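Below is one structure, written out as structure tokens, with a few remarks after it.
Protein chains in written order, with the working numbering: chain A, 1 to 290; chain B, 291 to 580.
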């Protein structure tokens with residue numbers, strides 16, 4: 001997915017929030033914002049938003065000297081989501097269709113995205129859970145069910161810390177023995193890394209690998225060869241979150257995307273109102289975001 | 291007031307909205323956004339936001355060839371506000387304190403600001419009116435009343451089209467014979483010009499002058515000498531709107547500002563929640579926005 005002009009104010013807001021997360025020094029904030037302005041002035045809009053975000057967050061780590069500014073936030077989000085897990089497991093167990101209830105709750109977990117909303121409150125998470133419990137998602141329920149039934153190997157691309165605890169619900173329904181969970185190769189925003197998979201108890205339940213990249217999405221050319229091979233060969237690929245959608249929606253193989261359409265640009269791209277719980281398959285529409 | 295780093299994403303959003311208002315051509319939108327990015331990368335943050343906005347909107351007029359992209363919007367907003375006027379005049383007439391009710395409604399009219407909210411709906415205006423009818427403003431009621439009582443000459447700096455119809459309520463209470471109404475010297479966003487003063491029937495009720503500048507605020511050095519003389523010599527200066535506040539809150543003379551704190555930066559500067567109806571006097575706090 002290309003970067004829309006509407007993404008640019010949002011990229012700047014996100015850069016400023018990240019700078020404040022990394023450092024209390026206003027000079028660091030100003031330097032990063034000026035560099036991002038300079039860099040976006042000449043940016044290639046045919047790149048996806050995660051490609052730009054990757055460059056910004058790398059530069060922030062250089063300027064601030066802080067390797068993982070979101071680490072305390074990620075730890076807090078993992079704890080918060082783990083706290084909700086027993087109740088949500090009960091909801092899945094009691095549901096008429098546990099697979100689809102688990103998918104809806106995994107999508108609800110995608111609200112825990114500090115890139116889209118740096119001021120996320122616990123109330124936002126509770127609201128997303130309520131929505132998942134009462135509203136179905138928009139998209140491919142039958143196609144998803146068939147693909148799950150027929151797959152021997154499932155590659156599950158995680159998105160965010162906190163959210164990754166919600167992913168346990170769906171992974172338990174899919175059957176952990178056929179799932180490989182993929183996390184980012186390095187910290188960026190609150191995207192899930194190996195540490196987060198460990199913190200929510202997934203490392204002991206499924207095979208977990210890193211993708212070799214520090215982009216807040218899946219830029220295939222930037223991922224390592226082991227990941228790319230698994231990505232090509234898996235019977236089924238599930239990708240969580242807007243960043244994975246923005247970077248893989250034209251990737252050439254079938255992927256099921258599970259996410260909340262949080263921003264107006266993505267919502268417009270999929271033709272649904274912002275806030276919609278999405279479960280869609282590549283290719284998604286022909287409409288270019290521009 | 292200085293430009294905060296938080297203003298920059300908002301400046302970009304506003305530039306993009308303005309570009310879309312001026313032209314249906316995506317190449318125009320992209321050119322303006324890239325130029326604004328380049329220009330803000332090197333901007334002097336000690337300048338006020340209206341100074342930056344002035345440059346952006348001048349450049350937009352050059353690129354698009356459209357002298358007044360907001361003209362149809364301004365005409366629509368004037369008609370909408372004029373339609374509300376008879377009911378609001380009734381509210382002022384029936385109020386226990388007509389001067390203060392008129393001030394509150396004039397402040398409510400400041401919601402009609404397409405710089406702060408390009409998607410303004412008529413419902414937003416109704417909501418602001420309801421707030422004004424039921425809630426007092428934050429600030430200097432007594433100081434304002436005394437200043438009004440003692441003034442022979444009042445300079446009233448208008449802000450936006452649409453809003454300027456609400457200003458009639460307060461000008462009627464102040465006594466039109468001692469009021470000089472000031473509008474912008476040229477079109478910028480939906481700021482009120484001579485044409486808007488005429489459209490809402492103010493030109494026939496008070497002396498109306500232009501300030502000689504096309505900034506969406508009052509940059510004294512950019513205004514003409516006639517205006518500056520009146521600004522220095524008026525017994526009382528009332529200034530409507532965030533743009534006038536941002537550009538005059540450190541101007542060295544007493545000014546009463548009437549506005550809704552619409553953005554988080556201004557709200558933080560005045561130490562009140564966003565949405566607060568403000569009637570404050572220079573100097574306002576000592577806190578720098580940064």
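Using N, Cα and C, we set each Cβ at its ideal position, and we do this for glycine too. Owing to the predicted nature of the structure, the values given are computational and were not obtained by experimental measurement.
Contact annotation: in the region 20-41 of chain A, residues whose CB is within less than 7 Å of a CB in chain B are 26, 29, 30, 33, 34, 37, 38, 40 and 41. Ranked by how close their Cα comes to the Cα of residue 380 of chain B, the residues B/320, B/432 and B/459 have B/459 in first place. No Cβ of chain A is located within less than 9 Å of the beta carbon of residue 376 of chain B.
Straight-line measurement puts the Cα of residue 300 of chain B at about 7 Å from the Cα of residue 9 of chain A. By DSSP's assignment, residue 529 of chain B forms a beta bridge with B/447 and B/547.
The three-state reading of DSSP puts residue 152 of chain A in coil, since its state is none of H, G, I, E or B.
The residue from B/346, B/373 and B/499 with its alpha-carbon nearest to that of residue 447 of chain B is B/499. For residue 9 of chain A, at least one C-beta of chain B is nearer than 9 Å to its own C-beta. In the structure shown, the three-state DSSP call for residue 191 of chain A is strand. The Cβ atoms of residue 532 of chain B and residue 400 of chain B sit closer than 9 Å to each other. Counting of Cβ neighbours within 10 angstroms places residue 48 of chain A among the buried residues, the total reaching 16 or more. Look at the region 384-409 of chain B: it has no residue with a C-beta under 9 Å from a C-beta of chain A. From the listed residues A/245, A/248, A/281 and A/247, the smallest Cα separation to residue 256 of chain A is found for A/281. In the DSSP assignment, residue 571 of chain B is bridged to B/546. Per the coordinates, the alpha-carbon of residue 358 of chain B lies some 10 Å from the alpha-carbon of residue 348 of chain B. DSSP places residue 105 of chain A within a helical segment (H, G or I) once states are collapsed to three. For the region 344-355 of chain B, the beta-carbon criterion of a distance under 7 Å to any beta-carbon of chain A is satisfied by none of its residues.
Apart from sequence neighbours up to five positions away, the residues of its chain that approach residue 308 of chain B with a beta-carbon distance below 6 Å are 350, ordered along the chain. Taking C-alpha positions only, residue 128 of chain A is separated from residue 191 of chain A by approximately 19 Å.
When the beta-carbon positions are compared, residue 261 of chain A and residue 252 of chain A stay at least 9 Å from each other. No Cβ of chain B is located within less than 9 Å of the beta carbon of residue 121 of chain A.
Burial is judged here by how many other beta carbons sit within 10 angstroms of a residue's own beta carbon; residue 519 of chain B has fewer than 16 and is exposed. If you draw a straight line from the Cα of residue 212 of chain A to the Cα of residue 449 of chain B, it comes to about 54 Å. Per the coordinates, the alpha-carbon of residue 558 of chain B lies some 29 Å from the alpha-carbon of residue 471 of chain B. With contacts defined by Cβ atoms closer than 9 Å, residue 92 of chain A and residue 80 of chain A do not form a contacting pair. If you draw a straight line from the Cα of residue 457 of chain B to the Cα of residue 413 of chain B, it is about 19 Å long.
In the DSSP secondary-structure assignment, residue 301 of chain B is not bridged to any residue.
Unbroken alpha helix (DSSP H) runs of no fewer than 4 residues, entirely contained in the region 324-392 of chain B, are found at 339-354 and 361-384, following chain order.
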